[in-house]
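Worksheet: one structure, shown below.
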Amino acid sequence: QIKLVVADTLSAAKAVAQIIADQVKVKPNAVLGLPTGSTPIPVYEELVKMYQAGLIDFEQVRTFNLDEYVGLKPDHPESYAAFMAKHLFSKINIPTCQTHLLDGLTPNPESECKAYEDRLVKEGGMDLLFLGIGENGHLGFNEPFSQVGEGTRMVMLTVETRLANSRFFSAIDQVPTHALTMGLRTILSSKSIVLLAIGKKKAKAIKMCLEGEIKDEWPCSVLKGHEDVLVVCDGDAASGM
Ligand code: F6R
């Protein structure tokens, strides 16, 4: 059952931050799944403000990021490890050992991905997964035609995704061709999911997420099969419905 909330851009980000804060209040050692990208930045800013105001405590929280580029060192400014350190982890009181990211430099992606899944299970699975969404409907780096039964693994990025992400790099050929990502099965294993979408470029993906059947071309459509999903959009992202 997917619920939809439409709000202005800043209120949408604040609403998602509040949902995360509420989860941590109910369960101080909650396991959170986290995205990178442009969309979560105002959410992380809001969480940092809440932390500074003493409204949220990350001491016992555990986090698992959705994905990481293959081939970037953790200190490469566009690695997702660097992104998380910059926007959230360095600004709150979460112990580094409780933050988990896939290792994009692993010599053995298969065992790295299996170890990540095992660790997630050992920690009790995700209580709340915060997602962004790609223009092509990808979740994490599960590109179109990903399968619902797939777990964490190495994937090849589509040209569209590399083009969309080239805004962060000096040129498209600097954007990694592969990534490690939680699979759709991993995503659906979270007890609850909140997805944030901002901007007109996301309108088609949001429509496919909320309306119609589950389709392989639109990985986001698998969320229809989950019982606790909240989609938070601005008016532009909701404008396709
Ligand atoms: C990033 C991730 C991706 C992004 C998506 C949207 O960890 O999992 O699926 O959520 O590409 O990115 P933005 O927010 O930059 O539009």
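Using full-length UniProt numbering, you'd call the opening residue of the sequence shown number 7 and step up by one each time. We treat Cβ as the ideally placed atom computed from N, Cα and C, and that holds for glycine. Just so we're clear, the structure is a prediction, and the values are computed from it rather than from any experiment.
Ala59 classed as buried or exposed, judged by whether at least 16 other C-beta atoms fall within 10 angstroms: With fewer than 16 other Cβ atoms within 10 Å, it is exposed.
If I'm right that Asp240 touches Ala18 with Cβ under 8 Å, what's the distance once you round it to whole angstroms? About 5 Å separates the two Cβ atoms, so the contact holds.
CA-CA distance, Val161 and Thr187? The C-alpha of Val161 lies about 7 Å from the C-alpha of Thr187.
For Val181, collect the residues of the same chain with a Cβ closer than 7 Å to its Cβ; drop the 5 residues on either side in sequence, then sort them by chain order. Once the five neighbours on either side are set aside, the close Cβ partners of Val181 are Arg168, Asn171, Ser172, Phe175.
Starting from Asp73, trace the beta strand (DSSP E) in both directions and tell me its first and last residue. 73-75 is the span of the beta strand (DSSP E), which, as asked, contains Asp73.
Under the criterion of a Cβ to heavy atom distance below 7 Å, does Ser152 qualify as lining the ligand NAD? Absence of the ligand NAD is noted for the structure shown, with the ligand F6R being the only ligands found.
State the beta-bridge partners of Phe70 as determined by DSSP. Bridge partners of Phe70: Gly39, His106.
Pairwise C-alpha distance: Asn114 and Phe70: Looking at the two C-alpha atoms, the distance is approximately 19 Å.
Measure the Cβ-Cβ separation of Leu137 and Pro41 and say whether it is below 8 Å. Yes, Cβ-Cβ distance for Leu137 and Pro41 is below 8 Å.
Taking its Cβ as the centre, do 16 or more other Cβ atoms sit within 10 Å of Pro83, making it buried, or is it exposed? Under this definition Pro83 is an exposed residue.
Based on Cα-Cα distance, which residue from Glu217, Phe89, Gly43, Cys226 lies nearest to Arg191? The shortest C-alpha separation from Arg191 is found at Cys226.
Alpha helix (DSSP H) containing Ile26: first to last residue? 15-32 is the extent of the alpha helix (DSSP H) around Ile26.
Counting along the chain, where does the beta strand (DSSP E) carrying Thr187 start and finish? 184-187 is the extent of the beta strand (DSSP E) around Thr187.
Pairs of beta-carbons, one from the stretch 22-32 and one from the stretch 116-127, closer than 8 Å: are there three or more? They do not touch, by the three-pair rule.
According to DSSP, simplified to helix, strand and coil, what is Ile100? Ile100: coil per DSSP, three-state reduction.
Short of 7 Å in beta carbon distance, which residues of its chain neighbour Ile204, apart from the five on each side in sequence? Order them along the chain. If we look at Ile204 and ignore the five residues flanking it on each side, its Cβ neighbours are Thr15, Ala18, Thr45, Asp240, Ala243.
What does the Cβ neighbour count give for Thr105, buried or exposed, with the cut at 16 atoms within 10 Å? The C-beta of Thr105 has 16 or more other C-beta atoms within 10 Å across all chains shown, which makes the residue buried.
Among the candidates Glu141, Glu116, Asp63, Tyr75, whose CA atom is the shortest distance from the CA of Leu202? Looking from the CA of Leu202, the closest CA among Glu141, Glu116, Asp63, Tyr75 belongs to Glu141.
Alpha carbon to alpha carbon, how far is Leu10 from Ile47? Leu10 and Ile47 have their C-alpha atoms spaced approximately 21 Å apart.
In chain order, each beta strand (DSSP E) run of at least 3 residues that lies wholly inside the stretch 128-179: The stretch 128-179 contains these whole beta strand (DSSP E) runs: 134-137, 159-162.
Cβ-based burial, Leu61 [other Cβ within 10 Å; buried from 16]: The residue in question, Leu61, is exposed, as its Cβ has fewer than 16 Cβ neighbours within 10 Å.
Could you tell me the distance, in whole angstroms, from the CA atom of Val67 to the CA atom of Glu52? Annotation: Val67 to Glu52 spans about 17 Å, alpha carbon to alpha carbon.
Considering only the alpha carbon of each residue, which of Glu223, Glu217, Glu149 lies closest to Val237? Out of Glu223, Glu217, Glu149, Glu217 has the C-alpha closest to the C-alpha of Val237.
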